[in-house]
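Structure, as structure tokens:
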Amino acid sequence: KIDGLKVSIIGDIAHSRVARSNIWGLKKLGADVSVCGPKTLMPAEIERMGVRVTHDLDEAIKDADVLNILRIQLERQKRGLFPSIREYARQFGVNAERLKGTKKDILIMHPGPINRGIEITPDVADGPYSVILDQVTNGVAVRMAVLYLTTQVEPR
7 KIDGLKVSII GDIAHSRVAR SNIWGLKKLG ADVSVCGPKT LMPAEIERMG
57 VRVTHDLDEA IKDADVLNIL RIQLERQKRG LFPSIREYAR QFGVNAERLK
107 GTKKDILIMH PGPINRGIEI TPDVADGPYS VILDQVTNGV AVRMAVLYLT
157 TQVEPR
């Protein structure tokens, strides 16, 4: 059930194709979506998509049912949009310490590839709340099904 879930999308929102499609789909299905990341990695007027915006990771994860963590996409950036990778990890990296105050049944998602130790620590990526491997497996199956259905030619 997605209706009513609180989903926080964390990371490089501005350069992510995943973020926009997830926001659109989750909102359509009734989720309460928030986005979190540095101001420089937030698209202009993202609020128009009906999301709550925060630049405080602890606020973003506090009441969330699901965290969808995105990687920094340096290959799509023209210049440095934050002080350093170390500083980004300190402010926006999801780690076990930060998860201590969250819901006990929180789900951790990440579309991959993961920059371990930057946006998410290995203990969280591989931990009990992580559904990352299921997410990747199911994502491949869904894309295969969509390709199959959209490329079928009707017999004449």
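Position one of the sequence shown corresponds to residue 7 (the numbering used here), numbered consecutively onward. Ideal Cβ placement from N, Cα and C applies to all residues, glycine included. Note that the structure is predicted; figures quoted are calculated from it, not measured.
Asked: Contact the segment 141 to 160 vs the segment 94 to 101: 3+ CB pairs below 8 Å; Found: no
Asked: Range of the contiguous beta strand (DSSP E) that encloses M115; Found: 113 to 115
Asked: For V146, the three-state DSSP class (helix, strand or coil); Found: helix
Asked: Residue nearest to A25 in terms of C-alpha spacing, selected from G43, V137, D132, L105; Found: G43
Asked: L35, buried or exposed, once every other Cβ within 10 Å from all chains shown has been counted against 16; Found: exposed
Asked: Residue(s) in a DSSP beta bridge with I15; Found: V41, N74
Asked: Unbroken alpha helix (DSSP H) run spanning R58, endpoints; Found: No alpha helix (DSSP H) holds R58; the beta strand (DSSP E) holding it covers 58 to 60.
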